[in-house]
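J.:
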Amino acid sequence: MKKLMDKVGFYGVAGLYLVLFGFPFVITIVMSFKSQMEFLGGNFWGFPSTLFFGNFARVFASNFPRYFANSVFVTALSVTISILAGSLASYAIARLKLKYAPYLLLFFMVGMMIPVHTTLVPIYQLTKAFGLIDSHWGLILPFVNFSLPIAIYIMTSFFREISISIQESAIIDGASPFTIYWKIMLPLSTPAISTVAIYNFLTCWNEFIYSMTLLNTERKKTLPLGIREFFGSETVNIPAVLTAILIASLPIIIFYIFAQEKVVNGLSAGAIKG
Amino acid sequence: MEKKRSASVHLTALLFILPAFLVYTLYTASSIFRTFQFSLHDWSGFGPVANSANIGFANYVKLFADERFLHAIKNNFLLVVVSIVFQLSTGMILALIINSKNKGTKFFRTIYPMPLLLSTVATGILWLLMFNPYTGLFNGLLRIISPDVRLSWLGSEQVVLFAVMFVICWQYSPQYMILLRAGMTNISAEVYEAAVIDGANKWQQFWKITFPLLSGTLKTSAVLSIVGSLKYFDLIWIMTGGGPNGYSELMATYMYRKAFTEDQMGYASSVASSMIVISLVVIIIVQFMLKQKDNQ
Amino acid sequence: MKKTMMIALLLMVAVTFGLYAGGAAETAAKPTTTLELWHIQVNETAKRPIENAVRRFEAANPGVKVNISVIEANPYKTKLKTVTGNDFPDVFHSWGGSWLESFVDAGMVADITEASKAWKDQVSESAFALNVYDGKVYGSPYMNSSTIMYYNKDLFKKYNLTPPKTYSELVQVAETFKKNGIIPFALANQAKWPGAQHFVLLSMRLGGPDIFKRAIDGEVKFTDEVFVKAGEMLQDMVKKGYFPEGVNGIDYNTGGSRVMFYAEQAAMIVQTSNMLSIVKSENPAFYQNKLGVMLYPSIEGGKGKATDLLAGENAFSVSAYAENKDIAAKLVGFLSTDLQLMEEYAKGGAIGASKFAPVPADDPLLRDAMAQIANATFIQNFIDQTLAPELANMHKDTVQALFGGTMTAVQAAQTMQKTADGLK
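Protein chains in written order, with our numbering: chain A, 1 to 274; chain B, 1 to 296; chain C, 1 to 424.
1. Can you tell me the Cβ-Cβ gap for M185 of chain A and P149 of chain A, rounded? I've got them flagged as a contact below 8 Å.
2. With a threshold of 8 Å between beta carbons, is E282 of chain C in contact with chain A?
3. Establish whether the CB of T195 of chain A and some CB of chain B are separated by less than 8 Å.
4. Go ahead and pull the three-state DSSP assignment for K396 of chain C.
5. In chain order, what residues of the same chain lie with their CB nearer than 8 Å to the CB of A328 of chain C, ignoring the 5 residues before and after it?
6. Taking the runs of the alpha helix (DSSP H) that are 4 residues or longer, which of them lie wholly in the region 135-189 of chain A?
7. With H, G and I counted as helix, E and B as strand and the rest as coil, what does DSSP make of F46 of chain B?
8. Are the CB atoms of Q122 of chain C and K355 of chain C within a distance shorter than 8 Å?
9. Between the Cα of L154 of chain B and the Cα atoms of B:E249, B:R181, B:S274, which residue gives the shortest distance?
10. For the region 254-267 of chain B, list every residue whose C-beta sits within 9 Å of some C-beta in chain C, in sequence order.
11. Please decide whether V81 of chain B counts as near chain A, where near means a Cβ-Cβ distance under 8 Å.
12. In chain A, what lies closer than 7 Å to M92 of chain B by C-beta?
13. So the alpha helix (DSSP H) K291 of chain B belongs to, where does it begin and stop?
14. According to DSSP, simplified to helix, strand and coil, what is L309 of chain C?
15. Is it a yes or a no for the region 75-91 of chain A touching the region 229-243 of chain A, going by three-plus beta-carbon pairs under 8 Å?
16. In chain order, what residues of the same chain have a beta carbon less than 8 Å from the beta carbon of L120 of chain A, not counting five sequence neighbours either side?
17. Which whole-angstrom value describes the C-beta separation of Y142 of chain C and N375 of chain C, a residue pair presumed to lie in contact below a C-beta threshold of 8 Å?
18. In whole angstroms, give me the CA-to-CA distance for S233 of chain A and Y138 of chain C.
19. At which residues does the beta strand (DSSP E) containing T34 of chain C begin and terminate?
20. Drop a sphere of 10 angstroms on the beta-carbon of N160 of chain C, count the other beta-carbons inside from all chains shown, and report buried for 16 or more, exposed for fewer.
21. Rank B:I93, B:Q205, B:L230, B:R143 by C-alpha distance to the C-alpha of V283 of chain B and give the top, closest one.
22. Pull out every residue of the region 22-46 of chain B whose Cβ sits closer than 9 Å to any Cβ of chain C, in chain order.
23. Residues bridged to M233 of chain C by DSSP?
24. Identify which residue in B:V80, B:A58, B:Q287 has its Cα closest to the Cα of T220 of chain B.
25. At which residues does the alpha helix (DSSP H) containing M114 of chain B begin and terminate?
26. What does the Cβ neighbour count give for A197 of chain A, buried or exposed, with the cut at 16 atoms within 10 Å?
27. Just the chain C side, please: which residues come within less than 7 Å of T99 of chain A by C-beta, in chain order?
28. Is the beta carbon of L295 of chain C closer than 8 Å to that of V279 of chain C?
29. What does the Cβ neighbour count give for G304 of chain C, buried or exposed, with the cut at 16 atoms within 10 Å?
30. How big is the Cα-Cα spacing for I236 of chain B and F69 of chain B?
31. Can you give me the Cβ contacts of G241 of chain C inside the same chain, cut-off strictly under 7 Å, excluding the 5 residues immediately before and after it?
32. Among A:E38, A:Y103, A:Y124, which has the Cα closest to the Cα of N86 of chain C?
33. Would you kindly report the start and end of the unbroken alpha helix (DSSP H) that includes I278 of chain C?
34. Using a Cβ-Cβ cutoff of less than 8 Å, which residues in the same chain neighbour L391 of chain C once the five nearest sequence positions on both sides are dropped?
35. Would you give the residue range spanned by the beta strand (DSSP E) that F378 of chain C belongs to?
36. Under 8 Å: do the region 59-73 of chain C and the region 354-368 of chain C share three or more Cβ pairs, one atom per stretch?
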């Protein structure tokens, strides 16, 4: 009996949160099959009276595939580089017993405190000096830069929690710091890396203002810029915009599911606390 | 021998840190420096900064007498408190749900982070519709109780901040779910098994095992939440633009308003510099307090 | 598991690079002059005509290639303020007034006084004047914009009403609608500028059309009784229920007010002429059958006339960094005057800047809107493009607070004057 009550309580709470957190996704899907006419006619929240495919047709008739490829390229490289560079630095900060480690961490953390728009002018000027305006690399470098602080902060705190004895026994076996980092720390921190990857993937994938400022050419545009093409001046075709966002969000959702699987795998890699 | 080892450790450390350090210094650190430099000028943002007058700390003097900015600071700190309390607790509950062994957790795990995974543009539009006094869902629900409700969620100076803070917490709770869940996977199952043998119930297991062993991840989450709240921008800008009449203004929206809609890049830079200093001070105090607590 | 992951990853990379590399081919023929043109007309009804006109310009000027970037207004403003030097577009959209003045003062805009002589008598004078500073010309309009009072013809007919010409008539009309459960004015004031138009028009009707010009020049203060009275009248309208409840929490862009207007919950709406083309594409049936345009009524005893207009412009300016300023200026002139462009605008419900823009016979709404501009006794540029940026923000904030009832008319006026004093 008590077990049953437990179950009812669990699914009651979980279901409530499901409604709260799941509704935007459901509304977005429902909305994507509605015509703008029907929406403006007063059917804001209900199901469409007839299934309308015009929004999808509009999205696929646009330059979306190209924007999509650009976004994948920019995001994949930014996330990969930021995780590699970030985990290397985190390992040094967490494990190499440097006297200045806390200050170094704080130095990187300042990057999380800076309001994005204040860096717009300096980074534009820097990018121009590098000759990287209207180039994807001109976007990847700042993206890596913005991804680093959170990557370093989260990974450092995870690395610190990994039992020191594993590292010490490896040192006795004559392993180099790089071997320890690559063979022990990284595999043991898959949960942290997946988490960081999700965060940074999200940031880079949805980034708007830098892409807007640093890119000019149509065929170099990324998805967030493409989505804005569905905005009018003083008018938003809500069903069309939400359809575009829905399609643009699929890679994030897939990546998230994939990364969460890695967290579970991290579990099998050996729990390290307790 | 010892000296030699230490030298090589430093060299290794240098090589490990260098890539991140280079990119970061080049972009963020130099931007911070430039921002500070801009903040000492009476610069509109047009033409080179060098052509504008260097006015020392006059921007800062003006800033700390600027009622709207002081109001924004107050709002930011309120957001910090609300975020820590609601985002972390919700994140923890969600993490416990998806980390449990019940059926269906995979489904919950996929749906819960949707506020985070759908872009802010989409959530901004949806919440604007939700909060509409006439056609929004919120007033629709309230009208079940009282048929004439026309509460202007985003238009009322008293309500607006709570409305947007609710949405911000809603958007970011899943972020802490993901982080806390990652922390939970690091706790070995054996600890729980031992506790079960000792007769501990679920409640005791949480307070005696999960919570203390997650303290590191919780601290990380708290710091992220504080820092995120102090520089928050997106949804406020989309939903209210800081209004009405500055009642939902945050430091970052104020900075944007000054820099890009009022041609006061110098003044806006003093807002940005102050934001960095405020965040830094808060984080140092928090770290210090957490350390004190650890030492006890 | 590791293997499948690697394969999946490699596949993803391969597909991406395939897509990424494809379609990168450049056109072979090298043009002698390339111009970058940035504008904000994201709506198809204006975007397409501009694109077509530019292609005609290219055809008429061999060797010239124009790259068009269409950017939404707000990110456009941010981007334009960030880019410098050769990244600054050769030809760029402008709203004239105080907005363009900042760029002119910074030396970023080319003086096209000479070139513009070739076409300036062909464009609407009041709009053209918004690009002139100290007698020098820094741009030329390509599309007009004005504030219009729209109404639902069916609703007026149903309750036997005629468009009000004076404020007291407006009160009668509004009371009739209220009695029948219809809100007189739809309004979505979250973004502040939609409601500010009411305040500006009331001030102009009370204090004369040049009241804002006089306030900017310092002849009258922002605490003048005209502004206080306008604020009080506005709050009186709010109190009487002439607007929806909670207007400050309703968003215009996502359709908050138009939806009420379409659904006949509200009978009138004060908006820019841009709404013509929006309605035409959003709700063509409504545009055809129900939409009507009128002038904002005059106020008995006030110094302004109903024909005093609040209007603005969409203009193009030439960058001071442009390599070939002559060709750039020529393009600006072409876009200001090309009659085929004006005709294509009209099809979408937009108003071209040329004086000779053909009046569409089959579109009485656009005809009336164009007549309002042509017959205007005074044209006041949109206030948020006229006031200094900080004051413009404060103007919108205070009017929003008037709507919200959190500020009195006197407090709003004092806040404006305080900000104006602070700018000196």
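Quick reminder that beta carbons are idealized off the backbone N, C-alpha and C, glycines included.
Nothing here was measured: the structure is a model prediction, and the numbers come from that model.
T.: For this structure:
1. Incorrect: roughly 19 Å between the Cβ atoms, too far for contact.
2. yes
3. yes
4. helix
5. L35, D90, V91, A110, V318, S319, A322
6. 136-161, 164-172
7. coil
8. yes
9. B:E249
10. Y256, R257, K258, A259, F260, T261, E262, D263, Q264, M265
11. no
12. Neighbours of M92 of chain B on chain A: none; closest Cβ ~12 Å, over 7 Å.
13. 265-295
14. strand
15. no
16. I209, Y210, T213
17. Between N375 of chain C and Y142 of chain C the Cβ distance is about 22 Å, and since that is not below 8 Å, they are no contact.
18. 25 Å
19. 33-39
20. exposed
21. In the sequence under discussion, the amino acid at residue 283 of chain B is Ile, which differs from the Val named in the question. Measuring from the Cα of I283 of chain B, the nearest candidate turns out to be B:L230.
22. S44, G45, F46
23. M233 of chain C is not bridged to any residue.
24. B:Q287
25. 114-117
26. buried
27. Checking the displayed sequence, the identity of residue 99 of chain A turns out to be Lys instead of Thr. Going along chain C, no residue has its Cβ under 7 Å from K99 of chain A, so there is no contact; the nearest lies around 38 Å.
28. no
29. buried
30. 15 Å
31. K178
32. A:Y124
33. 274-282
34. M416, T419, A420, L423
35. 378-381
36. no
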